[in-house]
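K.L.:
Before I ask anything, let me first share the structure, which is written out below as structure tokens.
2 protein chains.
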Amino acid sequence: MLDTQNPQAMIAGMAAAARRAAHQLARCSTDQRRSALLRAEEAIRAASAEILAANATDVARAKAAGLTDAMLDRLRLDEARVAGMAAGIATVATLPDPVGEVIDTTVRPNGLELSRVRVPIGVIGIIYESRPNVTADAAALCVMSGNAAILRGGSEASESNAAIHRAFCAGLNVADLPTDAVQLVGTTDRAAVGAMLAAQGAIDLVVPRGGKGLVARVQAEARVPVLAHLDGINHVFVHASADPDMAAEIVRNAKMRRTGVCGAMETLLIDSGYPDPAALVRALLDAGCAVRGDDRVRAFASVAAADAADWDTEYLDAICSVAMVDGVDEALAHIARHSSGHTDAIVAADEGVANRFLAEVDSAIVLWNASTQFADGGEFGLGAEIGIATGRLHARGPVALEGLTTYKWIGRGTGQVRS
Amino acid sequence: MLDTQNPQAMIAGMAAAARRAAHQLARCSTDQRRSALLRAEEAIRAASAEILAANATDVARAKAAGLTDAMLDRLRLDEARVAGMAAGIATVATLPDPVGEVIDTTVRPNGLELSRVRVPIGVIGIIYESRPNVTADAAALCVMSGNAAILRGGSEASESNAAIHRAFCAGLNVADLPTDAVQLVGTTDRAAVGAMLAAQGAIDLVVPRGGKGLVARVQAEARVPVLAHLDGINHVFVHASADPDMAAEIVRNAKMRRTGVCGAMETLLIDSGYPDPAALVRALLDAGCAVRGDDRVRAFASVAAADAADWDTEYLDAICSVAMVDGVDEALAHIARHSSGHTDAIVAADEGVANRFLAEVDSAIVLWNASTQFADGGEFGLGAEIGIATGRLHARGPVALEGLTTYKWIGRGTGQVRS
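Chains as they are written, first to last, in numbering that gives the first Met the number 0: chain A, 0 to 418; chain B, 0 to 418.
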């Protein structure tokens with residue numbers, strides 16, 4: 000029995016079981032992992048009523064506790080959402096398998112053949128908030144990439160997560176994979192998150208999924224590696240050479256398609272050489288966006304004044320800060336100072352300027368003539384994503400199956416010894 | 000002026016200057032970085048007398064302080080060693096440049112073209128002990144890969160490191176690269192290492208180079224990512240099918256070529272089906288190696304008894320623990336339990352068994368019919384190495400230029416917006 004009174008011991012026990020399961024998963028064929036996911040998909044579909052009943056309990060409790068409508072919406076499941084969750088698992092099962100991929104091979108002068116081969120990372124901790132679908136999404140991505148998952152969902156979704164987890168494991172079981180490959184940490188123990196973050200060597204990687212508070216806590220406390228992004232303070236720079244229609248459309252889309260996503264534009268930079276800056280501000284205002292401008296913007300547009308904090312603010316709302324800049328150099332300097340390193344874009348017809356922007360902006364994703372809202376694993380062709388990373392090591396931008404692998408060196412010799 | 004009384008402020012100031020230099024380096028052409036290294040090589044050669052004089056001061060001080068002969072040998076430079084250091088810089092200048100390499104490109108159905116392009120990591124901290132050549136080696140690898148380096152060498156080598164650093168920076172200066180690209184932390188401030196390890200967001204990666212004490216401290220304290228290995232508890236498993244001559248030669252070489260390197264074998268596992276296990280033990284004994292055997296080994300060889308701690312010990316000496324195992328399963332179980340994840344090898348003629356070993360041993364380097372002593376960036380064809388990593392993320396095994404880079408996503412569109 001795990002000692003749930005001692006969170007360190009509980010997590011150590013779960014991680015040890017996860018490690019054994021991970022070794023088993025790493026040895027599975029692609030087909031075994033694929034079919035386990037398809038069995039999990041079926042099990043989730045079959046358990047739909049049970050999952051919805053569990054979710055109703057969570058929602059009722061959350062309502063009583065006075066959660067906001069937005070939080071309730073993230074929490075709430077219906078038949079379509081459960082079906083979508085199951086379909087998501089099936090999609091992951093169709094993705095190319097990175098495990099076993101040979102990254103490169105070299106034959107040394109002494110005949111030793113060396114290859115780098117992709118292998119699973121091992122044990123992945125996922126710490127998330129109210130959306131119960133993360134339980135299924137994260138489990139599917141981890142299992143498909145040969146990793147064991149230790150899931151810690153939000154307490155408000157505990158019944159839903161448990162029901163989804165039960166169904167997922169039933170699927171693993173039918174496919175003869177160890178159910179320890181996907182373990183769910185109970186939410187009664189608030190110290191469990193701390194124990195996960197401290198589990199150096201036992202948990203190989205933690206991925207937080209949720210609001211800024213959660214991500215900030217994970218980044219501040221973690222002793223294990225973390226893949227995450229804290230902020231998406233994303234910029235669109237409209238260069239003097241930009242096509243006006245394209246610029247207006249990208250600006251509108253980057254800000255207003257969805258204001259609450261991490262890929263949304265938060266700051267618009269307009270080149271002082273751009274012929275009609277007022278049209279860009281108007282495009283935002285007409286779409287229902289509040290604009291906060293610098294002095295040069297307010298000289299031609301009747302908008303609120305941006306203060307110093309605006310340039311470092313992720314609004315996640317229909318608000319945009321707008322600044323005039325003198326050319327690409329000033330745009331680059333502004334971005335270097337204020338970008339959170341997530342996604343920044345340039346709209347320009349001038350290829351030389353665009354290439355400079357692409358080369359010099361030091362963000363995970365840099366786009367030319369495209370909306371920042373494309374920052375998403377699905378849109379990038381990865382089929383799914385475990386998250387978007389703005390750190391500098393291992394994986395950047397949208398992270399999916401490949402980002403959940405590492406590599407080892409395999410050497411094949413014929414008796415070589417070193418002289 | 001940097002406030003050397005406040006190590007946090009001092010490191011923050013150095014890291015900020017390093018970041019600016021890193022941005023400049025990242026924009027340099029390959030040729031600029033190459034020629035900067037060649038200028039540094041020339042400067043080191045020209046400063047040879049000065050470096051040797053500084054080294055003589057360090058050595059005299061170290062002798063007076065009673066350092067061991069082994070430590071004095073690591074510290075001591077002569078003309079040949081200085082020339083070797085300069086030649087090492089020149090070698091790094093000839094390596095393929097990973098910066099700008101396009102890892103992959105995909106064109107999405109909407110026409111958006113997405114590429115992953117290698118970029119430098121940014122600011123790398125190197126914390127090392129007595130060998131002064133690390134000053135030049137690490138600086139060369141960082142500059143060639145477009146990174147700025149913050150170097151913290153051992154206090155016993157402070158004069159030597161300062162002289163080498165001065166010469167290296169003179170070379171950067173001649174090549175018009177910022178000297179802030181390679182900064183040396185003074186050794187008078189013992190708290191500087193702690194400040195480097197705490198510099199989350201300011202230093203992107205720390206690489207410790209030195210003994211186990213240093214690496215353990217760095218791994219325990221660091222809030223920034225670390226690439227390192229703590230131990231090289233490496234195994235050679237001789238399978239029943241192994242060619243006896245090959246097995247004896249690999250065993251002898253893996254242990255005795257150099258006993259003090261991290262790639263040395265520490266434990267020999269002999270399959271109980273192997274025809275002549277005594278010959279393998281004799282090969283070690285004849286080469287001057289002390290053997291500690293389990294009961295089954297001591298039944299045929301008159302050697303000391305291994306105790307439980309032996310299987311987890313990195314001797315770095317002419318000592319080897321030897322155990323008999325029943326087949327590859329038991330070998331895999333022993334390795335899973337005791338390996339430090341550095342380098343493990345199998346000697347076998349049976350390809351099926353060898354492939355199982357290569358697939359299932361979860362170490363950074365797994366070898367078939369080759370000596371573990373090949374675990375080295377030079378031997379792997381990387382031209383050099385900043386170190387060997389046994390962690391699971393970013394880079395494993397020997398780490399050289401590519402391991403000092405990350406990637407970003409570059410997207411080229413024609414006005415795409417997300418629906």
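Quick reminder that beta carbons are idealized off the backbone N, C-alpha and C, glycines included.
1) Within 10 Å of its beta-carbon, does serine 320 of chain A have 16 or more other beta-carbons around it, so buried, or fewer, so exposed?
2) Give the residues from the stretch 193-217 of chain B that approach chain E closer than 9 Å (Cβ to any Cβ), ordered along the chain.
3) Under 7 Å between C-beta atoms, does valine 352 of chain A make it to chain B?
4) For asparagine 233 of chain A, would you say it is in contact with chain B, using Cβ-to-Cβ distances shorter than 7 Å as the test?
5) Please go through the same chain and pick out, in chain order, the residues whose beta-carbon is closer than 7 Å to the beta-carbon of leucine 279 of chain A, but skip the five residues on each side of it.
6) Measuring from the CB of serine 28 of chain B, is there a heavy atom of the ligand GTP at a distance below 6 Å?
7) DSSP on histidine 337 of chain B, reduced to helix/strand/coil?
8) Any beta-carbon of chain A closer than 7 Å to the one on glutamine 415 of chain B?
9) Thinking proline 23 of chain B and proline 177 of chain B are a contact (beta carbons under 8 Å), I'd like their distance in whole angstroms, please.
10) Straight-line CA distance for aspartate 294 of chain B to serine 301 of chain B?
11) So with Cβ pairs under 7 Å, would you call glycine 287 of chain A a contact of chain B?
12) Given a cut-off of 7 Å, decide if alanine 353 of chain A and isoleucine 345 of chain A are closer than it, judged by their beta-carbon atoms.
13) For a contact meaning CB atoms closer than 9 Å, what does isoleucine 249 of chain A contact in chain B?
14) Go ahead and pull the three-state DSSP assignment for glutamate 112 of chain B.
15) In three-state terms, what does DSSP make of proline 6 of chain B?
16) Would isoleucine 409 of chain B pass as an interface residue toward chain A - the criterion being a Cβ-Cβ separation below 7 Å?
17) Do valine 91 of chain B and alanine 383 of chain B have their CB atoms nearer than 7 Å?
18) What are the boundary residues of the alpha helix (DSSP H) that includes asparagine 354 of chain B?
19) Rounded to a whole number of angstroms, what is the C-alpha to C-alpha distance between valine 116 of chain B and glutamate 100 of chain B?
20) Just verifying my parser: in three-state terms, what is the DSSP assignment at isoleucine 120 of chain B?
21) Pick out whichever of B:Gly376, B:Gly390 and B:Lys407 has its Cα sitting closest to the Cα of glycine 419 of chain A.
22) Kindly say whether glutamine 4 of chain B, judged by its beta-carbon, lies nearer than 7 Å to any beta-carbon of chain A.
23) Using only the alpha-carbon positions, how far apart do arginine 33 of chain B and alanine 169 of chain B sit?
24) Does the stretch 32-51 of chain A come close enough to the stretch 190-204 of chain A that 3 or more CB-CB pairs lie under 8 Å?
25) Helix, strand or coil for threonine 178 of chain B, going by three-state DSSP, please let me know.
26) Starting from the beta carbon of threonine 105 of chain A, find every residue of chain B whose beta carbon is closer than 9 Å, and list them in chain order.
27) Would you verify that the beta carbon of serine 144 of chain B is, or is not, closer than 7 Å to some beta carbon of chain A?
28) Out of A:Ala52, A:Ala46, A:Asn146 and A:Val214, point me to the one whose CA is closest to alanine 16 of chain A's CA.
29) By DSSP's criteria, leucine 267 of chain B is part of a beta bridge. Which residues make up the other side?
30) Out of B:Leu140, B:Glu112 and B:Ala85, which has the shortest C-alpha to C-alpha gap to leucine 381 of chain B?
31) I'd like to know whether the C-beta atoms of glycine 414 of chain A and alanine 399 of chain A end up nearer to each other than 7 Å.
32) At the 7 Å Cβ level, is alanine 17 of chain A part of the contact set with chain B, yes or no?
33) Mind pulling the chain A residues with CB within less than 8 Å of valine 365 of chain B?
34) Just the Cα atoms here: how many angstroms apart are glutamate 265 of chain A and glycine 12 of chain B?
35) With a CB to CB cut of under 8 Å and the five nearest residues on each side skipped, what residues in its chain are close to isoleucine 102 of chain B?
36) Under 8 Å by Cβ, that's how I've got isoleucine 50 of chain A and valine 81 of chain A pegged, so tell me the actual separation to the nearest angstrom.
P.N.:
Looking at the atomic coordinates:
1) The residue given as residue 320 of chain A occupies position 321 in the first sequence. Around the Cβ of serine 320 of chain A, a 10 Å sphere holds 16 or more other Cβ atoms; the residue is buried.
2) Looking for chain E here will not work: the only protein chains present are A and B.
3) Within the first sequence, residue 352 of chain A is the residue found at index 353, counting from 1. Taking Cβ atoms only, chain B never reaches closer than 7 Å to valine 352 of chain A, which makes this a no.
4) Looking up residue 233 of chain A in the first sequence gives position 234. It does not: the Cβ of asparagine 233 of chain A has no partner Cβ on chain B nearer than 7 Å.
5) Within the first sequence, the letter at position 280 stands for residue 279 of chain A. So the list reads Val237, Ala246, Ala247, Val250, Leu267 and Ile269, once near-sequence residues are dropped.
6) Among the components of this structure there are no ligands whatsoever, and the ligand GTP is therefore not found.
7) Taking the first residue of the second sequence as position 1, residue 337 of chain B is located at position 338. It is helical.
8) For the purposes of this step, residue 415 of chain B is taken as the residue at position 416 of the second sequence. Answer yes: the Cβ-Cβ gap between glutamine 415 of chain B and chain A drops below 7 Å somewhere.
9) As a working mapping, residue 23 of chain B is identified with position 24 in the second sequence. As a working mapping, residue 177 of chain B is identified with position 178 in the second sequence. The question names proline, but residue 23 of chain B is glutamine in the sequence shown. Between proline 177 of chain B and glutamine 23 of chain B the Cβ distance is about 5 Å, and since that is below 8 Å, they are a contact.
10) On the second sequence, position 295 is the one that residue 294 of chain B refers to. On the second sequence, position 302 is the one that residue 301 of chain B refers to. The C-alpha of aspartate 294 of chain B lies about 11 Å from the C-alpha of serine 301 of chain B.
11) The sequence position of residue 287 of chain A within the first sequence is 288, counting from 1. Not an interface residue.
12) Walking along the first sequence from the start, residue 345 of chain A turns up at place 346. Walking along the first sequence from the start, residue 353 of chain A turns up at place 354. Yes, these two residues count as a Cβ contact at 7 Å.
13) Within the first sequence, numbered from 1, the residue matching residue 249 of chain A stands at position 250. By Cβ distance, chain B contributes Gly412, Gly414, Gln415 and Val416.
14) Counting from 1 along the second sequence, the entry for residue 112 of chain B is found at position 113. Judged by DSSP in its simplified three-state form, glutamate 112 of chain B adopts strand.
15) Position 7 of the second sequence, counted from the start, is the residue given in the question as residue 6 of chain B. It is helical.
16) As a position in the second sequence, residue 409 of chain B is number 410, starting the count at 1. Chain A contact via Cβ: present.
17) The residue given as residue 91 of chain B occupies position 92 in the second sequence. The residue given as residue 383 of chain B occupies position 384 in the second sequence. Yes, Cβ-Cβ distance for valine 91 of chain B and alanine 383 of chain B is below 7 Å.
18) Numbered from 1 along the second sequence, position 355 holds the residue referred to as residue 354 of chain B. 350-359 is the extent of the alpha helix (DSSP H) around asparagine 354 of chain B.
19) Here residue 116 of chain B refers to the residue found at position 117 of the second sequence. Here residue 100 of chain B refers to the residue found at position 101 of the second sequence. Answer to the nearest angstrom: the Cα atoms are 6 Å apart.
20) For the purposes of this step, residue 120 of chain B is taken as the residue at position 121 of the second sequence. Reduced to three states, the DSSP call for isoleucine 120 of chain B is coil.
21) Because chain A here runs from 0 to 418, residue 419 of chain A falls outside it and cannot be looked at.
22) Translated into the one-based positions of the second sequence, residue 4 of chain B becomes position 5. No, glutamine 4 of chain B lies away from the interface with chain A (no Cβ there is under 7 Å from its Cβ).
23) Mapped onto the second sequence, residue 33 of chain B falls at position 34. Mapped onto the second sequence, residue 169 of chain B falls at position 170. About 15 Å.
24) Contact between the stretch 190-204 of chain A and the stretch 32-51 of chain A is absent, because fewer than three Cβ pairs lie under 8 Å.
25) Here residue 178 of chain B refers to the residue found at position 179 when the second sequence is read from its first residue. Threonine 178 of chain B falls in the helix class under three-state DSSP.
26) Residue mapping note: residue 105 of chain A aligns to position 106 of the first sequence, counting from 1. Near threonine 105 of chain A (Cβ distances below 9 Å), the residues of chain B are Phe379 and Gly380.
27) Position 145 of the second sequence, counting from 1, holds the residue named residue 144 of chain B. No, serine 144 of chain B does not count as interfacial toward chain A.
28) Translated into positions along the first sequence, residue 16 of chain A becomes position 17. Here the closest residue by C-alpha is A:Asn146.
29) By 1-based counting over the second sequence, the position of residue 267 of chain B is 268. Note: leucine 267 of chain B sits in a beta bridge opposite B:Val235 and B:Val321.
30) Taking the second sequence and counting its residues from 1, the one referred to as residue 381 of chain B is at position 382. Comparing Cα-Cα distances from leucine 381 of chain B to each of B:Leu140, B:Glu112 and B:Ala85, the minimum goes to B:Leu140.
31) For the purposes of this step, residue 414 of chain A is taken as residue 415 along the first sequence, with counting starting at 1. For the purposes of this step, residue 399 of chain A is taken as residue 400 along the first sequence, with counting starting at 1. Cβ distance not < 7 Å, so glycine 414 of chain A and alanine 399 of chain A don't count as in contact.
32) Here residue 17 of chain A corresponds to residue number 18 of the first sequence, with the count starting at 1. Chain B, which has no Cβ nearer than 7 Å to the Cβ of alanine 17 of chain A, makes this no.
33) Within the second sequence, the letter at position 366 stands for residue 365 of chain B. In chain order: Lys407, Trp408, Ile409 and Gly410.
34) Position 266 of the first sequence, counted from the first residue, corresponds to residue 265 of chain A. Position 13 of the second sequence, counted from the first residue, corresponds to residue 12 of chain B. Computed Cα separation, rounded: 29 Å.
35) On the second sequence, position 103 is the one that residue 102 of chain B refers to. Answer for isoleucine 102 of chain B: Ser114, Arg115, Val116, Arg117 and Tyr406, listed in chain order.
36) Your numbering for residue 50 of chain A matches position 51 in the first sequence. Your numbering for residue 81 of chain A matches position 82 in the first sequence. In this structure isoleucine 50 of chain A touches valine 81 of chain A by the C-beta definition: roughly 6 Å separates them, less than 8 Å.
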